[in-house]
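For reference, the structure discussed in these notes is given below.
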RNA sequence: UGGGGCGUCGGCAAGCGGCAAGCCAACGGUUUUUGGUACCGUCAUUCGCAGGUUCGAAUCCUGCCGCCCCAACCA
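Residue numbers (my numbering): 16 to 792.
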């Protein structure tokens with residue numbers, strides 16, 4: 016019985032889905048998809064997308080498709096589809112029957128292309144690759160239409176058929192959408208839909224020699240599969256316009272919507288397929304599944320459990336801001352999942368011989384150590400042989416211990432975990448002066464605890480030198496030594512490779528119990544970290560363990576006090592007063608081409624007395640300016656009209672466009688008139704405006720609904736304030752204790768109780784008095 | 001003729017006109033036969049900057065600044 020899942024953190028995609036569900040947008044369905052191209056291995060960045068897409072479907076009772084976006088046979092291969100399926104399944108997600116391939120839709124897509132041609136919305140272009148690029152223009156200049164843009168429908172149909180029939184060579188000809196060569200969005204400049212590729216496809220074989228491009232294919236795949244929310248990464252934002260255009264211009268079987276989130280970046284690692292490939296090809300790592308790689312395969316070999324990856328993806332959140340997540344977060348997720356469920360054993364990574372001089376020569380005493388951590392209700396134990404010679408960790412002994420040392424040193428006594436206290440009497444060194452052996456005595460009475468209650472200087476893990484088993488331990492650390500290995504395009508990211516990312520301890524000694532472990536078993540080497548038994552690399556007599564991650568270690572060798580960095584005051588950028596005239600604003604340009612607006616600009620400033628900024632805004636966009644003119648025609652004060660138009664009404668518009676509002680300028684005039692006559696307060700006007708937007712009802716009617724106008728009566732407001740105070744005992748107490756900021760809370764309560772009708776200024780004064788009184792009581 | 005996005009703590013990230021959530025990191029403390037775990041506590045008078053609107057602005061309006069994406073017959 017699992018405890019109820021804590022509700023997952025909210026994010027903007029969930030908000031959108033919930034809103035769609037509320038509105039019944041896609042018949043109340045939720046269908047997402049994870050659409051990898053089978054041209055490489057999955058990494059933790061993909062895991063974020065997988066968790067998001069499958070998670071969303073799971074949570075909203077929908078479905079998530081695993082769809083291979085195999086539209087480019089020159090880069091793709093079956094090898095990858097198997098590894099991707101394997102990785103997704105290993106992560107713990109089930110696509111059920113929803114396994115799809117874009118290539119299965121080639122015939123349908125061809126049909127949609129023909130439809131587009133017939134509608135005159137696509138054409139066959141015979142320009143060379145170079146000409147197409149040339150004529151696309153640049154980001155600052157419009158493109159120019161292809162000379163083939165106006166081919167007849169018949170000719171296009173014929174050519175397209177011939178394309179499919181294989182009558183053209185690669186690169187000779189393409190099918191393009193006929194959209195707009197001058198569009199500011201480069202992707203809308205007649206995007207390519209099909210290209211010729213005489214290549215064998217891993218699924219369709221040689222059935223096709225034309226293949227659809229991403230922009231054309233992806234939205235159709237979504238539409239065909241009835242995907243509702245097509246969630247992809249930020250770099251596709253510009254593609255959304257094409258996506259919507261295509262869905263809108265083809266008889267699409269459904270109307271999917273695309274949403275974009277920020278891809279995952281992790282510090283101390285690289286994520287791009289290209290760079291990962293480089294590491295593999297240059298043998299800088301052992302392969303795609305090298306435990307230092309951020310690939311799913313690498314993390315699996317490393318021993319990271321899938322639930323840790325899922326948890327990680329949950330806690331990093333989903334948003335639209337480019338961000339760089341700290342790997343410490345991943346390590347936390349791993350420890351959090353592993354710690355409560357992982358058996359504890361002992362293994363000495365760098366053995367230091369310890370001879371217990373007062374212990375019988377050939378005696379083997381069996382200690383019993385619990386395998387499971389305290390939180391698990393299982394006291395299963397494993398036998399740990401204790402003998403005259405044992406190994407302890409080299410790092411656990413210091414000839415001259417630093418301050419706060421809680422380990423072993425000459426003359427000190429420590430506890431051996433699950434065994435006796437031992438005391439260091441003598442240090443044996445070799446010719447080089449290195450410590451090679453410790454001569455100690457044990458206290459037969461002090462096993463675990465000492466009868467006299469004395470405390471040891473720490474607890475060490477240990478292994479019998481004669482009964483232990485030799486194992487190989489591979490200690491992995493971050494692959495790169497700088498936070499952003501690919502942060503500087505000038506510097507090869509490989510120069511930042513961490514030389515210590517892998518340390519192999521061939522001579523690690525472990526307790527014999529480890530021989531019982533099954534391949535893939537995860538254990539905690541106490542005081543060291545979590546390790547996994549690497550089944551692939553172990554053989555009968557040779558156990559190999561990969562370190563998944565270290566334990567958190569709060570022991571600092573040098574308690575370096577954090578440099579008392581004076582909390583760097585945010586440097587305020589020097590105010591550079593850019594002369595307004597320095598650049599010609601968009602609005603200036605509009606006015607240049609529209610003398611009437613230019614005249615208004617002057618009139619607003621000179622006759623109406625509006626500030627330059629306000630006049631600029633209200634004369635720089637024709638529809639907006641016309642709206643303002645309508646308000647002016649009512650005879651209301653210009654300043655009032657300007658203020659409410661700009662600051663309030665515009666907030667409800669769509670990027671400054673007010674045409675979508677459910678009421679006209681006349682209704683807005685009515686509202687402003689009420690305000691001008693002081694029949695309503697600013698606050699009430701805002702309340703009414705909001706209601707107008709929602710319901711489209713007239714201001715007068717809404718005012719009536721509110722039941723009267725401004726409350727400006729002292730005693731009435733005092734009564735309300737009292738009731739607010741009475742209903743907020745906690746807050747009153749806190750306010751008394753000096754929490755001034757609660758004033759806003761109280762004020763908000765007053766306004767809420769009166770639906771905004773209380774006169775704000777008066778309310779504020781009275782509230783202040785009431786609260787002051789509260790404090791003096 | 002440029003367009004599309006994004007700026008909230010050291011790192012993630014909620015927040016949608018009324019008290020600046022949470023997590024990681026860091027730092028203290030309690031418990032402890034792991035310098036682990038668990039538990040408690042500290043950590044944003046301020047939301048890129050500057051104006052404006054409002055009784056009240058991270059949130060609405062305006063301007064500016066800074067990052068990211070777009071000119072593959074890749075996805």
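Just so you know, even glycine gets a beta-carbon here, dropped at the ideal spot from N, CA and C.
Residue range of the unbroken beta strand (DSSP E) whose run includes residue i
i: residue 115; result: 114-116
i: residue 522; result: 517-525
i: residue 438; result: 435-444
i: residue 610; result: First-last for residue 610: 610-621, but that is the alpha helix (DSSP H), not the beta strand (DSSP E).
i: residue 396; result: 396-401
i: residue 718; result: Counting along the chain, residue 718 falls outside any beta strand (DSSP E), though it belongs to the alpha helix (DSSP H) covering 714-721.
i: residue 456; result: 450-462
i: residue 370; result: 366-371
When the options are compared against residue i, the one with the closest alpha-carbon
i: residue 397; options: 405, 371 and 361; result: 361
i: residue 187; options: 29, 546 and 145; result: 145
i: residue 628; options: 644, 637, 603 and 650; result: 603
i: residue 141; options: 341, 546, 171 and 113; result: 171
i: residue 662; options: 632, 726 and 150; result: 632
i: residue 290; options: 783, 495 and 766; result: 495
i: residue 482; options: 98, 226, 382 and 233; result: 382
i: residue 765; options: 788, 753, 752 and 741; result: 741
i: residue 327; options: 335, 66 and 560; result: 66
i: residue 403; options: 111, 611, 469 and 378; result: 378
i: residue 376; options: 90, 43, 479 and 414; result: 479
i: residue 113; options: 158, 251, 62 and 47; result: 47
i: residue 634; options: 23, 682 and 609; result: 609
i: residue 406; options: 369, 374, 384 and 412; result: 369
Start and end residues, alpha helix (DSSP H) containing residue i
i: residue 144; result: 144-150
i: residue 769; result: Element bounds for residue 769: n/a, residue is neither H nor E.
i: residue 689; result: 680-691
i: residue 328; result: 321-331
i: residue 176; result: 168-180
Exposure label - residue i; buried when at least 16 CB within 10 Å
i: residue 148; result: exposed
i: residue 774; result: buried
i: residue 659; result: buried
i: residue 696; result: buried
i: residue 506; result: exposed
i: residue 601; result: exposed
i: residue 415; result: exposed
i: residue 134; result: exposed
i: residue 393; result: exposed
i: residue 127; result: buried
i: residue 738; result: exposed
Sub-8 Å separation of residue i and residue j beta-carbons
i: residue 498; j: residue 282; result: yes
i: residue 541; j: residue 430; result: no
i: residue 713; j: residue 685; result: yes
i: residue 301; j: residue 271; result: no
i: residue 524; j: residue 485; result: yes
i: residue 691; j: residue 717; result: no
i: residue 471; j: residue 436; result: yes
i: residue 86; j: residue 206; result: no
For residue j and residue i, the rounded distance between their alpha carbons
i: residue 548; j: residue 439; result: 34 Å
i: residue 217; j: residue 150; result: 34 Å
i: residue 299; j: residue 69; result: 34 Å
i: residue 184; j: residue 303; result: 36 Å
i: residue 340; j: residue 278; result: 11 Å
i: residue 782; j: residue 670; result: 38 Å
i: residue 123; j: residue 117; result: 10 Å
i: residue 502; j: residue 50; result: 28 Å
i: residue 654; j: residue 286; result: 55 Å
i: residue 422; j: residue 353; result: 26 Å
i: residue 371; j: residue 455; result: 5 Å
i: residue 649; j: residue 721; result: 25 Å
i: residue 700; j: residue 569; result: 58 Å
i: residue 647; j: residue 710; result: 25 Å
i: residue 854; j: residue 97; result: Only positions 16 to 792 of the chain appear in this structure, which leaves residue 854 out of reach.
i: residue 559; j: residue 538; result: 13 Å
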